[in-house]
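Numbering (my numbering), first residue to last: 247 to 578.
Below is one structure, written out as structure tokens; the observations come after it.
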Ligand SMILES: [Zn+2]
């Protein structure tokens with residue numbers, strides 16, 4: 247049992263985000279010491295290093311680094327970013343410090359770090375053979391509009407390419423739309439929830455008032471009690487959503503899909519905007535693991551042109567398909 251766990255983990259680290267390294271984690275690790283800070287639970291960096299068996303742990307200035315011979319994780323005190331072997335995550339709560347010691351929120355450790363470092367420890371995950379693909383917008387709702395076309399068109403074309411690739415890999419595919427029509431958010435959720443043994447990928451392209459904004463970002467549902475990482479969505483309602491039942495799988499799927507797509511378009515030097523949290527309606531309401539993927543900015547002069555081309559849409563689709571395969575392999 248322990249052996250297959252380690253093999254799964256090695257596979258995940260090799261093929262998904264995280265490169266060639268492997269952490270050899272104990273099957274039953276010691277508990278964390280929880281520290282109260284600002285009325286929340288935190289764990290010291292020293293305990294995190296011990297728990298995950300990072301032989302090297304350093305706080306230099308504001309920089310916090312964990313390292314093994316071939317694996318690393320780093321963040322900045324006061325910052326929201328945590329980079330794990332090159333994959334950028336946006337934490338729900340910033341890294342704090344107290345008495346010269348870095349503090350990580352227990353929420354982020356449980357809901358983000360642990361499922362990413364140990365995907366094979368995620369419990370109760372049924373296998374799946376179906377992927378629900380949800381191309382954003384459609385019909386009278388164009389989504390973001392740019393000089394090279396509308397978001398709804400790019401999302402649909404990328405989705406159709408993803409459908410073809412996944413079918414060739416023997417997945418069943420359910421599309422929430424296959425042509426240029428409007429589908430309400432609640433209907434998208436309802437379509438997905440007819441297929442409980444599936445994963446859900448909502449495909450979007452991004453808009454920003456600032457035309458220099460560019461890059462790829464992937465959203466997983468914010469865990470209960472955590473705010474969205476989108477500043478414009480300062481919601482007060484941090485309650486549990488149906489999708490929170492899949493918190494661990496959501497972040498693992500986001501990791502695989504985000505890193506898969508970034509790797510596939512690497513020759514175009516994409517900007518990595520990270521894996522973030524939000525409470526979009528579709529990923530709040532679904533009962534299966536799901537993500538919302540933003541494949542680039544339609545109004546950016548170079549990126550807008552790229553994402554309007556079938557060849558780039560195909561690269562994104564190939565990256566997402568690789569992500570689905572790696573996610574499935576990591577959990578089995
Ligand atoms: Zn959209």
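Note that the Cβ used here is the ideal one computed from N, Cα and C, for glycine as well.
These figures come from a predicted structure and were not determined experimentally.
| Item | Value |
| --- | --- |
| Does the distance between the C-beta of residue 584 and the nearest non-hydrogen atom of ligand 1 fall short of 7 Å? | Not covered by the structure: residue 584. The range shown for the chain is 247 to 578. |
| Return yes when the Cβ of residue 465 is within less than 8 Å of the Cβ of residue 244, no when it is not. | The structure shown has nothing for residue 244, since the chain only spans 247 to 578. |
| Alpha carbon to alpha carbon, how far is residue 384 from residue 427? | 5 Å |
| Considering residue 325, what are the terminal residues of the beta strand (DSSP E) in which it resides? | Where residue 325 is concerned, there is no enclosing beta strand (DSSP E), given that its DSSP letter is neither H nor E. |
| Can you tell me which of the three DSSP states residue 449 falls into? | strand |
| The beta strand (DSSP E) that contains residue 336, what's its start and end? | 333 to 336 |
| Considering only heavy atoms of ligand 1, list every residue whose Cβ is less than 5 Å from one of them, following chain order. | 382, 389 and 450 |
| How should residue 561 be labelled, buried or exposed, when 16 other C-beta atoms within 10 angstroms of its C-beta is the threshold for buried? | buried |
| Roughly how many angstroms separate the alpha carbons of residue 272 and residue 573, rounded to a whole number? | Note that residue 272 scores 49 on pLDDT, short of 50, meaning its location in the model is unreliable; the coordinates nonetheless yield the value given after this. The alpha-carbon atoms of residue 272 and residue 573 are separated by roughly 22 Å. |
| Could you check if residue 375 is buried or exposed, using at least 16 other CB atoms within 10 Å of its CB as the buried criterion? | exposed |
| If you measure between the beta carbons of residue 519 and residue 463, is that distance less than 8 Å? | yes |
| Would you report the Cα separation of residue 399 and residue 550, rounded to the nearest angstrom? | 12 Å |
| For residue 372, which option in 289, 401 and 492 has the closest C-alpha, if you only look at C-alpha atoms? | 492 |
| Going by DSSP in three states, residue 573 sits in which element: helix, strand or coil? | helix |
| Looking only at its chain, what residues have a beta carbon closer than 8 Å to the beta carbon of residue 286, apart from the 5 residues adjacent to it on each side? | 339, 351, 352 and 353 |
| Threshold first: 4 residues or longer. Then list the alpha helix (DSSP H) segments lying entirely within the segment 357 to 438, N to C. | 360 to 363 and 397 to 414 |
| Going by Cα to Cα distance, which pick from 364, 476, 454 and 404 is closest to residue 557? | 404 |
| Among 563, 569 and 433, which one has its Cα closest to the Cα of residue 532? | 433 |
| Can you find a C-beta in chain B that's less than 8 Å from the C-beta of residue 441? | No chain B is present in this structure, which holds just one protein chain. |
| Do residue 565 and residue 507 count as a contact pair if the criterion is CB distance below 8 Å? | yes |
| Could you tell me which residues DSSP puts in a beta bridge with residue 287? | 282 |
| State the Cα-Cα distance for the pair residue 289 and residue 341, rounded to the nearest angstrom. | 10 Å |
| For residue 544, which three-state DSSP category applies? | coil |
| Run through DSSP, which three-state label would residue 561 get? | helix |
| So if DSSP puts residue 467 in a beta bridge, which residue, or which two residues, is it bridged to? | 524 |
| Could you pull the start and end residues of the alpha helix (DSSP H) that residue 509 belongs to? | 493 to 510 |
| Give me whichever residues DSSP pairs with residue 347 in a beta bridge. | 344 |
| What separation, rounded to the nearest whole angstrom, lies between the Cα atoms of residue 322 and residue 329? | 10 Å |
| Would you tell me roughly how many angstroms separate the C-alpha atoms of residue 365 and residue 489, rounded to the nearest one? | 18 Å |
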